[in-house]
Structure formats: structure tokens, C-alpha cells
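Structure, as C-alpha cells:
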Amino acid sequence: MPALAGEVFRALSDPTRRRLLDVLRRGPATTGTLAASFATTRFAVMKHLQVLVDAGLVTVERRGRERWNHLDPVPLRLLYERWLAPYAENLAVTALSLKRAAEQPDPQEDQMTVTDLPAGLGSLDVRAEIRIAAQRGRVFQTLTEMGTWWPHRFRPGSDVVFEARVGGRFYEDWGDGDGALYGVVQQLEQDSLVHVAGPMGVRGPVASVWSMTLEDAAEGTLVTLAHRAFGDIDAASQQMYAEGWTAILSLIADRSTG
Numbered sequence: 090m091p092a093l094a095g096e097v098f099r100a101l102s103d104p105t106r107r108r109l110l111d112v113l114r115r116g117p118a119t120t121g122t123l124a125a126s127f128a129t130t131r132f133a134v135m136k137h138l139q140v141l142v143d144a145g146l147v148t149v150e151r152r153g154r155e156r157w158n159h160l161d162p163v164p165l166r167l168l169y170e171r172w173l174a175p176y177a178e179n180l181a182v183t184a185l186s187l188k189r190a191a192e193q194p195d196p197q198e199d200q201m202t203v204t205d206l207p208a209g210l211g212s213l214d215v216r217a218e219i220r221i222a223a224q225r226g227r228v229f230q231t232l233t234e235m236g237t238w239w240p241h242r243f244r245p246g247s248d249v250v251f252e253a254r255v256g257g258r259f260y261e262d263w264g265d266g267d268g269a270l271y272g273v274v275q276q277l278e279q280d281s282l283v284h285v286a287g288p289m290g291v292r293g294p295v296a297s298v299w300s301m302t303l304e305d306a307a308e309g310t311l312v313t314l315a316h317r318a319f320g321d322i323d324a325a326s327q328q329m330y331a332e333g334w335t336a337i338l339s340l341i342a343d344r345s346t347g
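Residue numbers for the sequence shown follow our numbering, so the first one is 90 and each next one is one higher.
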């Protein structure tokens, strides 16, 4: 869950914790797998992980006897929106573009020919949490009114419809029966859970499910997102969904408290 800015900065101040986050950027990992990647003891790694959990940068999922650790980008997104976005986004983008261009290898030094390869099978495992200063009923209402705020459109000006019932469709309506299906509601519990299965914008073959769970928390509601998918998903799509869900959680928070 998102923490105070000071806790996030403290967590990021240690190089071992930053490296743990770099490892988790590649996908969720068990505590044992993470510990095996470091020369220090398992106990020391677990202490670092707990600092990251306390700061909201890592969430923990239990799968039987295994503890899976997920990178949670929400706190970083909130810091970005607080300090960077209002003032220096364009400057930062320009500087990063210059950095990346300067660091690219000289094409004259590398005569290897790179060709586009067909997309192979990939997987997606996104998990994130956000604490919202609003009651569960209000947050659930915002969540199920996706048609009023959902940011993605295949076609500009089209309508997004979310039918808040089991078997209900989540889709983009282009009119005259045309459109795109994002998913179908598999489970819905009033003020507690929305569970959807469907391609969520992936055009190729994919098996995909996502859910949002709402729980009472101090001074508001804790929203936990989980999205898993397998199929025609490349690295760019993985990053796009991770960033997209982070933005969507921020939207839900803004609209629930506005």
C-alpha cells in the first residue's frame, strides 16, 4: 500500500533494496529466489524486503507455502504526480531522450542485421495496491462506473460500457453493433470484488484474468489489483499494462475522493 514519501525515499536509499526492485521489475519472484541472487544471508534479504513492503513498493502474495513478492509501482507513481508531473515533465522527457540517444551504440560499429521476430508466448503477472480515503461503497461505485472514466479507447469518441453483473460485458461500443470486447464479469461481490476474464485489448490469442478486491482499511479502503495473462504478450505489452494499471488505480482514487 502507498506509504509516506519519507518511507519510500528511505527504502530507495539502500543499494541492495534498489537492486531487489530491479530484479522484481522482471516479474514476481519467491523470497528464496531473491535470496539466492544476493551474496548476503536470506535473513538480511528478508529484512530489506520488509522495508520495501512497509514502504508500499513490494506486495506479498502467498501461494501455498511460497511467498511471492511483487513490485508495486503505485507509490512511485504518486511521487511522480506530486513533484514531477506539474512542473518538469517535458524537461525530464527531453533529458531522458537525449540520454538514451547518446547511449545508443554507433550503428557503424555494429554491422549485425536485426530483423523483427514474430511475437512468442509471454506472461503477465501484475499486482498492485492503493489506499483510498473513501468508503468501500464509494470506491466500488467508481470502479463499476468505468464507462465514465476508462482512459483507453481503440477508437476516439467511442463509448466504454461495463455491465456490473455476473456475465456482464466490459466492452467498447462503436455503434451499429460494432466494437471490441475487453472481458466478461466472472464474479462480482457488492462493495468487495470485481473479477473479469477477457483479452483486455490484446489482439492476439491470450488467456487473461484480472480482479480488484476492496477491503476496509484505516481511514478508507484498500484496493488490491491482480492481473494475470498468458499468450501473445511481448515485453512492451507487459510494461504497458503495468504502467496502465498504475494510472487506472490513481484515476479510481481521484474520482472516489473528488
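Ideal placement from N, C-alpha and C gives every residue a C-beta, glycine not left out. It should be emphasised that the depicted structure is a prediction, and the values quoted were computed from it without experimental measurement.
C-alpha gap between residue i and residue j, whole angstroms
| i | j | result |
| --- | --- | --- |
| residue 251 | residue 260 | 7 Å |
| residue 340 | residue 238 | 8 Å |
| residue 346 | residue 225 | 11 Å |
| residue 327 | residue 115 | 10 Å |
| residue 294 | residue 321 | 6 Å |
| residue 111 | residue 267 | 42 Å |
| residue 121 | residue 167 | 30 Å |
| residue 123 | residue 158 | 9 Å |
| residue 210 | residue 319 | 7 Å |
| residue 134 | residue 127 | 8 Å |
| residue 144 | residue 302 | 20 Å |
| residue 343 | residue 310 | 13 Å |
| residue 248 | residue 240 | 11 Å |
| residue 383 | residue 299 | Given a span of 90 to 347 for the chain in the structure shown, any question on residue 383 remains unanswerable. |
| residue 177 | residue 165 | Confidence at residue 177 is low in this model, with a pLDDT of 46, below 50, so its placement is unreliable and no value can be given for it. |
| residue 325 | residue 146 | 22 Å |
| residue 281 | residue 231 | 13 Å |
| residue 142 | residue 100 | 9 Å |
| residue 204 | residue 156 | Legend: pLDDT at residue 204 = 36, less than 50; position of this residue unreliable, no value from coordinates given. |
| residue 272 | residue 150 | 24 Å |
| residue 307 | residue 95 | 19 Å |
| residue 106 | residue 113 | 11 Å |
| residue 262 | residue 286 | 18 Å |
| residue 284 | residue 152 | 19 Å |
| residue 109 | residue 148 | 13 Å |
Candidates the options: closest to residue i by CA position
| i | options | result |
| --- | --- | --- |
| residue 317 | 212, 160, 256 | 212 |
| residue 349 | 295, 113, 235 | Missing from the structure shown is residue 349; the chain here goes from 90 to 347 and no further. |
| residue 102 | 140, 113, 127 | 140 |
| residue 163 | 221, 253, 131 | 221 |
| residue 216 | 330, 104, 315 | 315 |
| residue 229 | 313, 330, 154 | 313 |
| residue 233 | 219, 253, 297 | 253 |
| residue 335 | 161, 262, 296 | 161 |
| residue 305 | 330, 243, 288, 218 | 218 |
| residue 256 | 277, 269, 148, 246 | 277 |
| residue 137 | 97, 152, 153, 297 | 97 |
| residue 279 | 297, 227, 223 | 227 |
Element boundaries [alpha helix (DSSP H), containing residue i]
| i | result |
| --- | --- |
| residue 324 | 324-346 |
| residue 133 | 131-143 |
In DSSP terms, what residue i is bridged to
| i | result |
| --- | --- |
| residue 234 | None; residue 234 has no bridge partner. |
| residue 115 | Residue 115 is not bridged to any residue. |
| residue 126 | Bridge partners of residue 126: none, in fact. |
| residue 301 | 283, 314 |
| residue 308 | Answer is none; residue 308 lacks a bridge partner. |
| residue 148 | 159 |
| residue 296 | 319 |
First through last residue of the beta strand (DSSP E) which encompasses residue i
| i | result |
| --- | --- |
| residue 210 | Segment: none, residue 210 is in no beta strand (DSSP E) and carries neither H nor E. |
| residue 278 | 267-278 |
| residue 248 | 248-251 |
| residue 243 | No beta strand (DSSP E) holds residue 243; DSSP gives it neither H nor E. |
| residue 264 | 258-264 |
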